[in-house]
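These protein sequence lines map, in sequence, to chains A and B. In terms of the working numbering, the first sequence opens at residue 533 and continues consecutively. In terms of the working numbering, the second sequence opens at residue 533 and continues consecutively.
There are 2 protein chains.
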Amino acid sequence: MTVRWDSPETGAAAAYREIKQRIVNLEYQPGEKLSEARLAAELPFGRSPIRSALAQLKSEGWIEVSPQSGSFVKALTDREISDMTSLRVMLEMHCARIGAARMTDADLAKLRSAFATLGPLADNGDGEAFIEVDTVLHLALYRSTDNQMIAGILLDLRDKVQWIRRACAVSSERVKEGFAELKPILQALLLRDPEAAAERMRIHIESSAAFCRMVDHTASRRARFPTGIPG
Amino acid sequence: MTVRWDSPETGAAAAYREIKQRIVNLEYQPGEKLSEARLAAELPFGRSPIRSALAQLKSEGWIEVSPQSGSFVKALTDREISDMTSLRVMLEMHCARIGAARMTDADLAKLRSAFATLGPLADNGDGEAFIEVDTVLHLALYRSTDNQMIAGILLDLRDKVQWIRRACAVSSERVKEGFAELKPILQALLLRDPEAAAERMRIHIESSAAFCRMVDHTASRRARFPTGIPG
DNA sequence: ACTATTCAACTAGCATGTCAGTTCAGCATC
DNA sequence: GATGCTGAACTGACATGCTAGTTGAATAGT
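Okay, here's the thing in structure tokens:
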């Protein structure tokens, strides 16, 4: 990225990480106003790095900036979630296909061990364990696909999915179900069956998306049309 | 998605457009240094909007910023071009599939007329005519696919492709060839054959990518992306 | 009670100045 | 000539103050 790959993190980058994390963790809720001044007071940064961070968050779709008015945490519309899902399905299926063909035996062994360790917890509805094993599986696929651009998009979408997951409470039932969807993916990878892996991945992504719908729509509508909803 | 739909373009946005256009047009060549001060002197903007514009260009991969040193126009590596092509193939094939199924007769009629008007020129090797009809075809497909996230990615990749096209001189032979690849795509769309449209699109994207290789004019130290997928 | 107007507080956009890190031409040394 | 050192010029990161646009509650008018 930069010439100095060991350079210390700039304030702007640190502010970006911090604010984004607070958004994902719902400490800053959808629709909430995030003014530069407020953030500069709340965080150990001046207005300049905060401003840079907000610009990046805006370009990545986490917030909306209204000139001379304020910055607001965005709420994803059903439409955006649906768009996101289509894209994820396509890219994740691609990664699953490639992964089934190219993943090394060492990677597969690591996956198997992760499933063995965390599986029993996930089977009991442990959300954190599920997220952990889900993450291990997907990152391994991104790595074996070896396409930075696709990986970058999927990592970004993953953050958004985490966000949505927190916005709609996830039942332990859904956790068990989700983990049950992961198992056949691993099986297909072990059998090096690209089409089966892709198909199981499709099922996994689509069913996880079906459960997610963002809660706070009113705040977003208020933020977007403060003087009244047109029409 | 801001509150003010009719708000005038900010200086930062105008600077972004201008600088990006100059990069795509090779007025600023790959590897060239673009300091804030220089751009502020060269363009009718102060350092602040220039700084915002550079931040956005950085996050979109057009430039690299080296702290306390300078901003440089990025040169795409063969690897990045290859990554880009894989992604484009996948997404464009998806759009072609959806387009073949969902495109309206009115849209198809417009496409046919565009081919009729510009086709003879493109057949003679007219690069501008080819780009025009190519753009019309692809944008129509993006529109019919009706997924803003995918369309956004493809539009960005399209800018990069235009950039690469200028970086490697395109022969009129290649123009004729490229246009010849578009015809079967239109045919497949008219026949509403999704698989044929997707397959022809794949051929089109891959063959156009095969001709492009970027030249870094400075060829000096160039940092690679050291960050991989963690895990 | 209800609407229209006003105005003070608040907002992001931007200019400008400062600062610390980077760079490289030119000098010193071998 | 080759190598190491120095310092001045340059760079992006950031702080700060100002401006113009936005907002919403208090106010005036009906």
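We put the beta carbon where it would ideally sit given N, CA and C, even for glycine. Because the structure is a prediction, the values reported are computed rather than measured.
Taking a cut-off of 8 Å on C-beta distances, the segment 651 to 662 of chain B does not touch the segment 621 to 630 of chain B, as fewer than three cross pairs fall below it. D615 (chain B) reaches chain A at N679, Q680, M681, I682, counting residues in chain order whose Cβ is nearer than 8 Å. By DSSP's assignment, E596 (chain B) forms a beta bridge with B:F604. Per DSSP, T542 (chain B) is not a residue of any alpha helix (DSSP H), being assigned neither H nor E. Ranked by Cα distance from W695 (chain A), the options A:I735, A:S676, A:I551, A:T542 are led by A:I551. By the beta-carbon neighbour count (other beta carbons within 10 angstroms, threshold 16), A573 (chain A) is exposed.
Counting C-beta pairs with one atom in each stretch, the segment 629 to 641 of chain A and the segment 630 to 649 of chain B have fewer than three that are closer than 8 Å, which means they do not touch. Close partners of A587 (chain B) in chain A (Cβ separation under 9 Å): A544, S584, A587, Q588, S591.
Comparing alpha carbon positions, the residue from A:T617, A:W594, A:G578, A:F743 closest to V605 (chain A) is A:W594. According to the DSSP secondary-structure assignment, K565 (chain B) is paired through a beta bridge with B:F604.
Between Q553 (chain B) and D615 (chain A), the C-beta gap is not smaller than 8 Å, which leaves the two residues out of contact.
For the segment 712 to 733 of chain A, the set of positions with a beta-carbon nearer than 7 Å to some beta-carbon of chain B is empty. For the pair R697 (chain B) and V621 (chain B), the CB atoms are not nearer than the 8 Å cut-off. Contact residues of the segment 620 to 648 of chain A toward chain B are M622, H626 (C-beta to C-beta distance below 7 Å). Put simply, the backbone Cα of S601 (chain B) is about 26 Å away from that of K590 (chain A). Around the beta carbon of R611 (chain A), fewer than 16 other beta carbons lie within 10 angstroms, which makes this residue exposed. The DSSP-derived three-state label of M622 (chain A) is helix. Per DSSP, reduced to three states, the secondary structure at P581 (chain B) is helical. DSSP, read as helix, strand or coil, puts S645 (chain B) in helix. Per DSSP, E559 (chain A) lies in no alpha helix (DSSP H) segment and is marked neither H nor E. By the criterion of a C-beta distance shorter than 7 Å, A654 (chain A) is surrounded in its chain by A661, F662, V665, V707, F711, once the five residues flanking it on both sides are discounted.
Here the alpha carbons of D691 (chain B) and T649 (chain B) stand approximately 24 Å from one another.
In this structure, the beta-carbon distance from L575 (chain B) to A547 (chain B) falls below 8 Å. Taking the Cα positions, A720 (chain A) is about 33 Å away from A742 (chain B). Against S567 (chain B), chain A offers no close residue; the least beta-carbon distance is about 14 Å (beta-carbon pairs closer than 8 Å). From the listed residues B:L689, B:S703, B:A646, the smallest Cα separation to K715 (chain B) is found for B:A646. Secondary structure at D725 (chain B): coil, using DSSP grouped into helix, strand and coil. Taking 8 Å as the CB threshold, S603 (chain A) stays off the interface with chain B. Minimum Cα-Cα distance from E568 (chain A) among the listed residues A:A672, A:R583, A:Q561, A:V693 corresponds to A:R583. Residue nearest to G578 (chain B) within the set B:T542, B:T617, B:L718, B:P652 is B:T542 (criterion: CA-CA distance).
In the displayed model, G657 (chain A) falls within coil according to three-state DSSP, outside both helix and strand.
Taking 8 Å as the upper bound for CB-CB distance, L586 (chain A) and V597 (chain A) are in contact here, some 7 Å apart. Taking L619 (chain B) as reference, the option from A:D678, A:L671, A:P562, A:G563 with the minimal CA-CA separation is A:D678. For the pair L723 (chain A) and D688 (chain A), the Cα-to-Cα distance works out to about 29 Å.
The Cβ atoms of E713 (chain A) and S676 (chain A) do not sit closer than 8 Å to each other.
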